[in-house]
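Input: a single structure, listed below in structure tokens.
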Amino acid sequence: MTDQRVLVIGVGDRAATDRALAASCSAIGWDFVVSADLGEAVAAMTSSSADVVAFVTAGGEILPPAASAAAAFGADPGMVAVYGDGEVRAGLGNETIRRPVPSPERLRCQYYWGDLVLYRRSSVVSAPPDTGLAGAELYDLALRTSRTGGSILHVDEAIFRTRAGDEPLDEIARASTRRALEAHLAATGGGEVRAIGADGVHDTIRPVKGEPLVSLIIPTRARYSTSDEGPVSYLLDAVRSIEEHSSYRNFELVLVVDAGAEPEILTEVRGLVGDRLSVVEWAHPFNFSGKINAGVLGSMGDFVLLLNDDVQVIDADWIERLLALAQLPGSGGSGALLYYEDGTVQHAGHAYFEDDASHIGLDAAPDDPGPLQGYRVEREVSGVTAACMMVSREAFFEVGGMTTLLPGAFNDVDFCMKLTWVGRTIYWTPHARLYHFESKSRDAAVHGFEVLITWGRWGHRMHDPSYWPYPHSRTPHRLLRDNW
Amino acid sequence: MPQNFPDETPDPARDARQLELIDRIIGLQAEVAHLRAESSSEQVQMVLDEIHGSATWRIGRAVMSPLFLFRRAIGRGNGK
Chain E
1 MTDQRVLVIG VGDRAATDRA LAASCSAIGW DFVVSADLGE AVAAMTSSSA
51 DVVAFVTAGG EILPPAASAA AAFGADPGMV AVYGDGEVRA GLGNETIRRP
101 VPSPERLRCQ YYWGDLVLYR RSSVVSAPPD TGLAGAELYD LALRTSRTGG
151 SILHVDEAIF RTRAGDEPLD EIARASTRRA LEAHLAATGG GEVRAIGADG
201 VHDTIRPVKG EPLVSLIIPT RARYSTSDEG PVSYLLDAVR SIEEHSSYRN
251 FELVLVVDAG AEPEILTEVR GLVGDRLSVV EWAHPFNFSG KINAGVLGSM
301 GDFVLLLNDD VQVIDADWIE RLLALAQLPG SGGSGALLYY EDGTVQHAGH
351 AYFEDDASHI GLDAAPDDPG PLQGYRVERE VSGVTAACMM VSREAFFEVG
401 GMTTLLPGAF NDVDFCMKLT WVGRTIYWTP HARLYHFESK SRDAAVHGFE
451 VLITWGRWGH RMHDPSYWPY PHSRTPHRLL RDNW
Chain A
485 MPQNFPDETP DPARDARQLE LIDRIIGLQA EVAHLRAESS SEQVQMVLDE
535 IHGSATWRIG RAVMSPLFLF RRAIGRGNGK
């Protein structure tokens, strides 16, 4: 049990009228104050001598791991807030709600901390919930707490069990949420609140700073492929799509082409983008990493956008959305939402889970919100695919670009591992959407040496549930690796 | 053409080699961390001695050091 004295404040009708909540507080030895009005709750908190104040916003039960959550305040004097996983009753059993570790960019899109959040009482007394933000007081408190620089802990055990899902935000709560988010963005580098969702998912974006040159690096064979309609050039289709649909205009296109490229295709590309085209010739055996490095070395931009040649742009502002995240302080780059040709999800970030690396969201339906609405919010990730990744030139060079030891598979996993290894943070956005015409059924050509190199470097980090604590939807790599 | 590395005129072939050296250094650091996580300290020390004696490590350190000094001098670091 904890040596911290905890005052639980039930806020709102659902928490204030819940007898089971009061009973669970008693069982764990915490004081419980019923308050349907946050102003009264603040007064009770101020006059209390408790070390920790716990706000509960739903009916339910506090679970025993909450005691160790409270103990964290005693162990770390810099701790200002603790939240944890949760449970919701589903049928005859309980469904666990896994939450990510503190993720400041995700927090501006979604209040994901849950129905029970613990704060150091002295911190909250000095900056109490703003009762003028009806319906968004605790979201605002979380946002302000995230700006203090104090430690915030996620407990990866369920600390609260609720009986029902979240209630939709009413009009007053949505207006308050907008005000809280606008203030938060203004205090943390700027941005725009584009929409407030009644379901708790908010469309907020970071601004693009200046208009830096972005170099699109596309390794390509620049040849025709056969299709039912005759010869097609994915590259030409991709460049047309970029040129016709992108609102960001300060970009150059760097093609890294193999010997044997079709001159006709290159001529057509030049016709589309003019003198913004650079061609780097690749006269070596296939090595995707080597081609990317050669393209970046031959580019001019302060930001490089690594791109496959079989993509098609959906969102006009896709470059802006990627660039804004790649410009954040300490950024290790940003990735996009990619769809297969049939509209199912191909990529919503990388996840490294249970000793395996895979894409988040594989095969999900286009309207699938994902666990904890994860496919709908900008967020921190462990990595992203190099099929579409923006990164600053500075970050690219800091980690030595992409490793030429991995010519085909896992070079983006390794690249992202290096970027986070040096302390950078990688982001993903659902607002930069592209089709990626990679075959769903194609077997990834993974060689044993690529697995050995990748896991030899990063095996100890191949279970990283920090930002995505959910199992993969496909697990081919580990199974393959175990056979070598 | 932007400078890819400080204090140097652009030279794609040399810059590609320099990228590889930085990659190898980080890769070796990662391998050591991985071994530390998996193995006993005695085994790790043997591998560490091997790595620190390797040409890649020594050349990489030589390449990286002026980079770090330069970055520190102009206060860029890694943005943190």
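Protein chains in written order, with my numbering: chain E, 1 to 484; chain A, 485 to 564. C-beta: ideal position from N, C-alpha, C; glycine also.
Buried versus exposed call for residue i [16 or more other C-beta atoms within 10 Å across all chains shown]
| i | result |
| --- | --- |
| Gln529 of chain A | exposed |
| Leu307 of chain E | buried |
| Gly301 of chain E | buried |
| Asp412 of chain E | buried |
| Pro471 of chain E | exposed |
| Asp85 of chain E | buried |
| Ser227 of chain E | exposed |
| Asn250 of chain E | exposed |
| Pro469 of chain E | buried |
| Ile509 of chain A | buried |
| Ser382 of chain E | buried |
| Arg393 of chain E | buried |
| Glu398 of chain E | buried |
| Phe286 of chain E | exposed |
| Pro263 of chain E | exposed |
| Thr404 of chain E | buried |
| Pro366 of chain E | exposed |
| Ser215 of chain E | buried |
| Glu522 of chain A | exposed |
| Glu504 of chain A | buried |
| Gly361 of chain E | buried |
| Lys209 of chain E | exposed |
| Asp464 of chain E | buried |
Beta-bridge partners of residue i, as assigned by DSSP
| i | result |
| --- | --- |
| Cys109 of chain E | The partner list for Cys109 of chain E (beta bridge, DSSP) is empty, contrary to what the question assumes. |
| Leu512 of chain A | Bridge partners of Leu512 of chain A: none, in fact. |
| Val8 of chain E | E:Phe32, E:Ala54 |
| Asn94 of chain E | E:Arg89 |
| Gly383 of chain E | E:His350 |
| Ser176 of chain E | Ser176 of chain E pairs with nothing; no bridge assigned. |
| Met486 of chain E | Given that chain E is displayed from residue 1 to residue 484, the structure contains no residue 486 of chain E and the question cannot be resolved. |
| Tyr435 of chain E | E:Gln312, E:Tyr339 |
| Glu61 of chain E | E:Arg161 |
| Ile205 of chain E | E:Glu192 |
| Ile218 of chain E | E:Leu255 |
| Ile426 of chain E | E:Val381 |
| Val82 of chain E | E:Leu118, E:Leu153 |
| Val345 of chain E | E:Tyr339 |
| Asp464 of chain E | E:Tyr352 |
Same chain, Cβ closer than 6 Å to residue i, neighbours up to 5 away in sequence not counted
| i | result |
| --- | --- |
| Leu7 of chain E | Asp31, Ser48, Ala50, Val53 |
| Gly78 of chain E | Gly150, Ser151 |
| Trp541 of chain A | Ile535 |
| Arg14 of chain E | Ala58, Gly59 |
| Leu479 of chain E | Here the model assigns Leu479 of chain E a pLDDT of 49, short of 50, so the residue's position is not dependable and the matter cannot be decided. |
| Trp458 of chain E | Met417 |
| Arg433 of chain E | Ile314, Asp315, Leu337 |
| Val311 of chain E | Ala238, Leu434, His436 |
| Ala134 of chain E | Ile172, Ser176 |
Amino acids of chain A, ordered along the chain, whose beta-carbon sits closer than 9 Å to that of residue i
| i | result |
| --- | --- |
| Thr404 of chain E | Ala500, Leu503, Glu504, Asp507 |
Own chain, CB closer than 7 Å to residue i, minus 5 neighbours either side, in chain order
| i | result |
| --- | --- |
| Ala261 of chain E | Arg221, Ala222, Arg223 |
| Val201 of chain E | Cys109, Gln110, Gln373, Arg376, Val377 |
| Ala364 of chain E | Thr344, Val345, Gly370, Tyr375 |
| Val80 of chain E | Tyr119, Arg120, Ser123, Thr145, Thr148, Gly150, Ser151, Ile152 |
| His184 of chain E | Arg108, Leu143 |
| Arg560 of chain A | Confidence at Arg560 of chain A is low in this model, with a pLDDT of 44, below 50, so its placement is unreliable and the value that follows should be read with caution. Cβ neighbours of Arg560 of chain A beyond the five flanking positions: none. |
| Glu105 of chain E | Glu378, Arg379, Glu380, Tyr427 |
| Arg498 of chain A | none |
Where residue i meets chain A, residues with beta-carbon distance less than 7 Å
| i | result |
| --- | --- |
| Asn293 of chain E | Ala500, Leu503 |
| Gly298 of chain E | Pro496 |
| Trp421 of chain E | Ile510, Ala514 |
| Lys418 of chain E | Ile510 |
Same chain only: Cβ atoms within 8 Å of residue i, ignoring 5 sequence neighbours per side
| i | result |
| --- | --- |
| Arg19 of chain E | none |
| Gly330 of chain E | Gly423, Arg424, Thr425 |
| Trp484 of chain E | Unreliable positioning characterises Trp484 of chain E in this predicted model, as indicated by a pLDDT of 46, which lies under 50. The coordinate reading is nonetheless provided below. Excluding residues within five positions, the ones whose Cβ falls inside 8 Å are Gly448, Val451, Leu452. |
| Cys485 of chain E | No answer is possible for residue 485 of chain E: the residues shown for chain E start at 1 and end at 484. |
| Pro64 of chain E | Ile28 |
Interface partners of residue i on chain A, CB under 8 Å
| i | result |
| --- | --- |
| Val399 of chain E | Ile506, Asp507, Ile510 |
Chain-ordered neighbours of residue i on chain E, where CB pairs are closer than 9 Å
| i | result |
| --- | --- |
| Ala546 of chain A | Those do not exist, as Ala546 of chain A stays about 15 Å from chain E at its closest Cβ, beyond 9 Å. |
| Glu522 of chain A | Gly459, His460 |
| His518 of chain A | Trp455, Gly456, Arg457, Trp458, Gly459, His460, Arg461 |
Those runs of the beta strand (DSSP E) which lie wholly inside the segment 228-316 of chain E and span at least 3 residues:
Whole beta strand (DSSP E) segments, 3+ residues: 230-232, 251-258, 277-282, 303-307, 311-313.
Considering only residues of the segment 108-168 of chain E, which uninterrupted beta strand (DSSP E) runs meet the minimum length of 3 residues and lie entirely inside it, listed in chain order?
You should have 116-120, 151-162.
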